[in-house]
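Taking it in order: structure first as structure tokens, then the write-up.
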Amino acid sequence: MYQPGLNDLDAVLAVARRSSFRGAALDLGMSTTAMSSAIAKLEAHLGVRLFNRTTRSVSLTDAGRAFVEQVAPGLEDIRGAMDAARSQQAKPSGMLRINTFATAAREILAPLVLEYLRRHPDVHVDVVTEGRLVDVVAEGFDFGVRMANLVPTDMIAIPLGEPQRHAIVASPAYLKKHGRPRVPSDLFRHRCIRVRLPNGSLFRWDFRKRGQTALIDVTGPITLDEASLSRIAVLEGIGLGFFMEPDVRGDIEAGRLVRVLEDWTPELARLCLYYPGRRNSSAAHTAFVALAREVAVARK
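In the UniProt record's numbering, the protein residues as written are 1 to 300.
Given below as structure tokens:
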């Protein structure tokens, strides 16, 4: 006889959070078919529909909303009890989930994540990159990595590395043909790679210099929503691009790209690893925090 398990409850919460079977399946490492089947079996067992499904959307029914509101706190308590039990482990094992954005992931991958895996091969690390800022606790992550000014005040934060900066770059061929912008307002006469943010709005290029500020709504021949794609367009001479400095540092050093308006891009906040305070952290969690502090000290 079918009896719901923790995985089935996790599936319900994931679909409720994402409003998408596909997104929930990706979060939990399942196929969409398996996710749909798990929800259907639970609904059949309960005798009620938890979700309204159309070809375009998924939403909770009234019964589903009440179910989620009652199940979520209990499931959190169960997870806490399991974490408490795992905290007695001498050897790190299990899974850690980290939410960050692509640039930060590239910065921490080798010194932190890959080094951690070398030291603790029994742990699986799941790194999720996305532009939107998420509630790491509500969405089931152990850690987040964001700029310090975006870290929630109720989290424990560990600074990682030096302060970040933006970089405006172009190919040598583009600058030879179109000239070099000297002040932000010059960008109105240039072709720029436009950037679409996760919420669908277009990013306006932000500049600051000795108390002066400029917010430029650039124009150009193409709009992209991923830094690696923008980098390709800039390398091909399509126009100027606005990046986090680490994304194009190697290209600048190799001479493939030239930095402009550098005096208008001051230091930003540092990257921080952050996590909620826990009474009973697992051995895997404790070891990751210890390595993060080690990395932070080495980068000072």
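Where is the CB? At the ideal position from N, CA and C, for every residue including glycine.
Beta strand (DSSP E) segment containing His166, residue limits: In this chain, the beta strand (DSSP E) harbouring His166 covers 166-170.
Same chain, Cβ closer than 8 Å to Ala292, neighbours up to 5 away in sequence not counted: Taken in chain order, the residues that qualify are Leu112, Ile158, Leu160, Leu273.
CB-CB under 8 Å to Ile78, same chain, minus the five flanking residues each way: which ones, in chain order? Excluding positions up to five away in sequence, the list reads Leu6.
Exposure label - Asn199; buried when at least 16 CB within 10 Å: With fewer than 16 Cβ atoms within 10 Å of its Cβ, Asn199 is classed as exposed.
I'd like the list of long-range same chain contacts for Thr32, defined as Cβ closer than 7 Å, with 5 residues on each side in sequence excluded. Short of 7 Å from the beta carbon of Thr32, and not among the five residues preceding or following it, lie these beta carbons of its own chain, in chain order: Phe21, Arg22, Ala25.
Restricting to Cα atoms, I'd like to know which of Leu109, Phe143, Pro266, Gly94 is closest to Pro121. A check of alpha carbon separations from Pro121 across Leu109, Phe143, Pro266, Gly94 identifies Gly94 as the nearest.
Return no unless some Cβ of chain E is closer than 8 Å to the Cβ of Ala11. Protein chains in the displayed structure number just one, and chain E is not present.
Please report how far the alpha carbon of Glu130 lies from the alpha carbon of Val137, in whole angstroms. Going from the Cα of Glu130 to the Cα of Val137 covers about 16 Å.
Among Pro152, Ala284, Pro276, Arg270, which one has its Cα closest to the Cα of Ile108? Minimum Cα distance to Ile108 is reached at Arg270.
Touching or not, the segment 244-259 and the segment 162-177, by the rule of three or more beta carbon pairs under 8 Å? Verdict: yes, contact present.
Could you tell me the alpha carbon to alpha carbon distance between Leu187 and Glu162, rounded to whole angstroms? Rounded to whole angstroms, Leu187 and Glu162 show a C-alpha spacing of 29 Å.
Would DSSP call Gln3 helix, strand or coil? It is coil, neither helix nor strand.
Can you grab the Cα-Cα spacing for the pair Val125 / Cys192, in whole Å? C-alpha separation (whole angstroms): 37 Å.
So, helix, strand or coil for Phe188, using DSSP? Here Phe188 sits in helix by DSSP.
Hey, out of Thr219, Asp263, Glu236, Leu229, whose CA is closest to Gln212's CA? Of the candidates Thr219, Asp263, Glu236, Leu229, the residue whose Cα lies closest to the Cα of Gln212 is Asp263.
Span separating the alpha-carbon of His251 from that of Ile98: A small fix is needed here, since residue 251 is Asp in this sequence, not His. Distance between the alpha carbons of Asp251 and Ile98 is about 28 Å.
Report buried or exposed for Asp135, applying the criterion of at least 16 other Cβ atoms within 10 angstroms of its Cβ. It is exposed - the Cβ of Asp135 has fewer than 16 other Cβ atoms within 10 Å.
Out of Glu267, Leu13, Arg194, state which residue places its alpha-carbon closest to the alpha-carbon of Glu76. It is Leu13.
If you draw a straight line from the C-alpha of Ala227 to the C-alpha of Ile39, how long is it? In a straight line, the C-alpha of Ala227 is about 36 Å away from that of Ile39.
Ignore the nearest five residues each way along the sequence and tell me which others in Val218's own chain have a CB closer than 7 Å to its CB. Short of 7 Å from the beta carbon of Val218, and not among the five residues preceding or following it, lie these beta carbons of its own chain, in chain order: Leu187, Cys192, Arg194, Trp205.
Give, in chain order, every unbroken run of the beta strand (DSSP E) that is at least 3 residues long and sits entirely within the segment 78-162. Along the length of the segment 78-162, whole beta strand (DSSP E) runs at least 3 residues long occupy 94-100, 123-129, 143-147, 156-160, reported in chain order.
For residue 303, which residues in the same chain have their Cβ closer than 8 Å to its Cβ, ignoring the five residues on either side in sequence? Residue 303 lies beyond the range of the chain shown here (1 to 300); nothing can be said about it.
Quick one: Cα of Gly47 to Cα of Met82, how far? Taking the straight line from one Cα to the other gives about 30 Å.
Residues that DSSP places opposite Ser59 in a beta bridge: Answer by DSSP bridge pairing, in chain order: Asn52.
Closest by C-alpha distance to Thr223, when choosing among Gly241, Leu235, Asp8: Nearest C-alpha to Thr223 among Gly241, Leu235, Asp8: Gly241.
If we require 4 or more residues per run, which alpha helix (DSSP H) segments fall completely within the segment 192-250? 227-235, all fully within the segment 192-250.
Assign Arg146 to one of two classes, buried (16 or more other C-beta atoms within 10 Å of its C-beta) or exposed (fewer than that). Buried is the call here.
Contact check, Phe143 vs Tyr275, beta carbons under 8 Å: Contact flag set, yes.
With DSSP run on the structure shown, which of helix, strand or coil describes Arg259? Correct three-state label for Arg259: strand.
Leu273 - DSSP class collapsed to helix/strand/coil: If DSSP states are grouped into helix, strand and coil, Leu273 belongs with the strands.
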